[in-house]
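Here the structure comes first, spelled out in structure tokens, and everything after it is commentary.
Residue numbers (our numbering): 16 to 622.
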């Protein structure tokens with residue numbers, strides 16, 4: 016019931032990681048309910064059938080009775096002596112426990128924070144942009160240079176696809192990426208992790224240093240995961256700049272990009288608003304068009320057919336079909352004068368040149384407009400490299416706080432950092448709800464408000480174990496690790512329940528408080544260690560995994576193992592001490608007297 020109380024709230028969590036939480040919550044809840052049903056029905060039946068009395072045989076030299084049992088007896092005796100010493104020094108034990116918990120909270124700022132750990136997926140995505148207006152042929156030459164760098168500097172490449180430009184010869188790869196005559200896209204598949212010495216992050220860092228040496232590239236991004244099909248990595252810190260004036264907000268973005276690029280660990284610093292693009296604009300004189308029997312539709316169709324081409328027919332050869340496109344040769348459509356010399360034929364059959372009814376002007380296309388909450392916005396995004404997302408976001412926040420902004424401009428930090436904050440807030444609410452449900456379940460079963468409170472003293476030290484595990488293994492605290500910390504609530508209280516329930520039983524049998532605690536702890540040491548060790552050992556493969564994508568789930572295993580190890584060690588000493596403090600002498604004796612009184616009344620009624 017306690018485990019279900021923890022996992023059921025997961026089925027109701029929304030937000031960025033809601034799908035993950037919902038699936039995990041439903042799976043674990045249904046599994047626990049099913050296994051509990053089997054444990055209280057099928058297991059007793061099978062025990063009655065299979066467990067029979069057997070005479071004790073003479074133990075061998077290497078049997079359980081000669082090797083394991085003496086060791087366990089010595090451990091139990093040592094544990095009982097430790098409990099008696101701790102009960103004589105309850106205030107010192109409690110003070111030491113508080114010191115450990117507060118000390119672990121003081122270490123929390125040393126733990127780096129990120130949204131979701133980036134995994135080595137043996138894949139690299141490259142998106143590079145050359146000078147605006149660069150011809151396709153020049154872009155192809157730059158792409159060939161990048162391909163040569165990949166062949167020489169990255170022997171781990173298994174599959175490589177490079178797309179450059181958006182001309183007629185562009186590949187299907189360019190259909191799913193941001194394209195243009197000056198855009199280069201690349202997707203590289205590496206050999207599996209076991210077959211290479213360098214990680215994907217080492218390879219990306221080497222590629223960045225090589226791309227810096229190509230002068231034709233004005234900006235580029237190198238990411239190690241897809242982040243959505245055809246997109247870059249979503250593990251970025253986005254600085255959102257709000258303002259109406261294009262020139263002012265663009266100037267602020269450029270200034271912030273230069274400052275953010277100087278922050279150690281900030282890579283691929285990009286501005287979402289692109290530069291103005293040069294275009295040729297045809298301005299028509301409607302009066303002259305009318306005088307010559309033309310209209311804008313006829314002129315635009317004629318220009319398009321001469322420049323882009325008209326598909327006049329199809330060539331069929333050996334089962335394949337090819338479009339036959341008719342248009343001007345390239346040498347007759349390169350300059351403004353060539354375009355103005357395009358002939359137009361009116362309905363009377365008279366030939367009129369474009370320069371007679373209009374003019375061609377150079378024009379700069381305005382930038383794209385992004386909006387958020389109905390306000391104009393552009394973003395400056397930075398990808399963390401060698402640092403955590405939280406550390407980079409803190410440095411950027413400090414930089415923004417020390418930057419003076421023009422009037423009418425507002426700056427906010429968003430992106431994956433904002434998603435991380437929302438997810439941790441969801442985890443905090445989930446943690447609070449789980450604590451309430453766990454307390455209610457235990458209070459109803461123990462028929463006491465104090466007993467669940469005593470047992471729940473082990474929960475804070477599970478978080479202490481998580482913090483220490485993150486620090487010792489140099490692992491960042493992500494949403495995945497936070498989820499593991501929440502799951503610990505329903506796991507660590509099981510040991511306390513085993514201890515407290517048996518202590519209550521011993522006191523009901525007439526044992527004094529101290530003696531009941533000491534005897535119960537010695538007797539329950541084995542089941543406590545069994546439940547703790549089975550869970551810890553089951554989580555070790557997850558915590559020590561090194562396969563592809565292990566970086567995503569390893570923090571959860573480390574959090575569970577660290578929290579269980581530390582909370583179990585604390586539970587064995589602290590819970591009995593707290594029980595002795597809260598459950599004063601005579602409390603159980605009063606309960607026994609009340610029961611005896613009602614038993615006496617029942618017997619009198621029968622007589």
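Backbone N, C-alpha and C define an ideal beta-carbon position, used for all residues, glycine too.
**Report entry** N-terminal and C-terminal residue of the beta strand (DSSP E) that residue 204 is part of
**Finding:** 198-205
Requested in this report: With DSSP as the reference, please indicate the residues paired to residue 427 in a beta bridge.
Outcome: According to DSSP, residue pairing for residue 427 in a beta bridge involves 255.
Query raised in the report: Buried or exposed: residue 94, going by 16 or more other Cβ atoms within 10 Å of its Cβ?
Result: buried
Query raised in the report: Could you give the distance in angstroms between the alpha-carbon of residue 178 and the alpha-carbon of residue 144?
Result: Distance between residue 178 and residue 144, taken at the CA atoms: about 12 Å.
Query raised in the report: Roughly how many angstroms lie between the CA atoms of residue 395 and residue 275, to the nearest whole one?
Result: 9 Å
**Report entry** Nonlocal neighbours in the same chain, by C-beta distance under 8 Å from residue 161, ignoring five residues either side
**Finding:** 141, 143, 177, 199, 201, 226 and 229
Query raised in the report: Looking at the structure shown, is residue 383 part of a helix, part of a strand, or coil, going by DSSP?
Result: coil
Query - Proximal residues to residue 133 (C-beta, below 6 Å), its chain only, five neighbours per side dropped - result: 250, listed in sequence order.
Query - 4 or more residues per run - each alpha helix (DSSP H) lying fully within the region 450-536 - result: 465-470, 474-487 and 494-523
Query raised in the report: Who are the Cβ neighbours of residue 539 in its own chain at under 6 Å, not counting the five residues just before and after it?
Result: Closer than 6 Å at Cβ, skipping near neighbours: 513, 514 and 517.
Query - C-beta contact flag for residue 239 and residue 399 at 7 Å - result: no
Requested in this report: Determine the closest residue to residue 43 out of 526, 505 and 293, with distance taken between C-alpha atoms.
Outcome: Closest by alpha carbon: 505.
Query raised in the report: Applying the criterion that 16 or more other CB atoms from any shown protein chain within 10 Å of the CB defines a buried residue, is residue 431 buried or exposed?
Result: buried
Query - Inter-residue Cα distance where the pair is residue 387 and residue 260 - result: 15 Å
**Report entry** Rounded straight-line distance, which links the Cα of residue 235 to that of residue 266
**Finding:** 20 Å
Query raised in the report: Considering only residues of the same chain and omitting the five flanking positions on each side of residue 390, which have a CB-CB separation below 7 Å?
Result: 257
Query - Member of 482, 470 and 533 whose CA lies at the smallest distance from the CA of residue 509 - result: 470
Query - Span of the alpha helix (DSSP H), counted from its first residue to its last, around residue 237 - result: Membership of residue 237 in any alpha helix (DSSP H) is not indicated; the residue belongs instead to the beta strand (DSSP E) covering 232-238.
Requested in this report: Write down every uninterrupted run of the alpha helix (DSSP H) in the region 342-390 whose length is 4 residues or greater and which is fully enclosed by it, in chain order.
Outcome: If we require 4 residues or more, the alpha helix (DSSP H) runs fully inside the region 342-390 come out as 351-355 and 369-372.
Query raised in the report: Taking the alpha carbon of residue 479 as the point to measure from, which residue in 119, 361 and 445 has its own alpha carbon closest?
Result: Of the candidates 119, 361 and 445, the one whose C-alpha sits nearest the C-alpha of residue 479 is 119.
Report task. Look up residue 601 in the DSSP assignment and say whether it is helix, strand or coil. Result -> At residue 601, the pLDDT of 49 sits below 50, so the modelled position is not reliable; the number obtained from the coordinates is stated separately. If DSSP states are grouped into helix, strand and coil, residue 601 belongs with coil.
Requested in this report: Answer yes if the region 431-445 comes into contact with the region 564-578, meaning at least three C-beta pairs across the two stretches below 8 Å, and no otherwise.
Outcome: no
Query raised in the report: Is DSSP giving residue 563 helix, strand or coil here?
Result: If DSSP states are grouped into helix, strand and coil, residue 563 belongs with coil.
Report task. Just the C-alpha distance for residue 525 and residue 464, rounded to the nearest angstrom, thanks. Result -> Put simply, the backbone Cα of residue 525 is about 22 Å away from that of residue 464.
Query raised in the report: Can you list, in chain order, the residues of its chain whose CB lies under 6 Å from that of residue 425, leaving out five sequence neighbours each side?
Result: 257
Query raised in the report: Can residue 481 and residue 577 be called in contact, C-beta distance under 7 Å?
Result: yes
Report task. Can you give me the Cβ contacts of residue 263 inside the same chain, cut-off strictly under 7 Å, excluding the 5 residues immediately before and after it? Result -> 421 and 424
Report task. Could you please give me the residues that DSSP links to residue 282 through a beta bridge? Result -> 398
**Report entry** Whole-number beta carbon distance between residue 493 and residue 15, since they are thought to touch under 8 Å
**Finding:** No answer is possible for residue 15: it lies beyond the span of the chain, which begins at 16 and ends at 622.
Query raised in the report: How about residue 359 and residue 367: do their beta carbons lie closer than 7 Å?
Result: yes
Query raised in the report: By a C-beta neighbour count over all protein chains shown, 10 Å radius and 16 as the cutoff for buried, is residue 244 buried or exposed?
Result: Below a pLDDT of 50, predicted positions are generally treated as unreliable, and residue 244, at 36, falls in that range; the measurement from the model is reported next regardless. It counts as exposed.
Query raised in the report: Smallest Cα separation from residue 122: which of 551, 495, 485 and 529?
Result: Nearest option by C-alpha distance: 485.
Query raised in the report: In the DSSP assignment, what residue or residues form a beta bridge with residue 294?
Result: 378
Requested in this report: Closer than 7 Å by C-beta to residue 158: which residues in its own chain qualify, once you throw out the five before and the five after it? Chain order, please.
Outcome: 177, 179 and 199
Query raised in the report: Quick one: what's residue 330 bridged to in DSSP?
Result: 337
Requested in this report: Could you tell me the boundaries of the beta strand (DSSP E) in which residue 176 lies?
Outcome: 172-179
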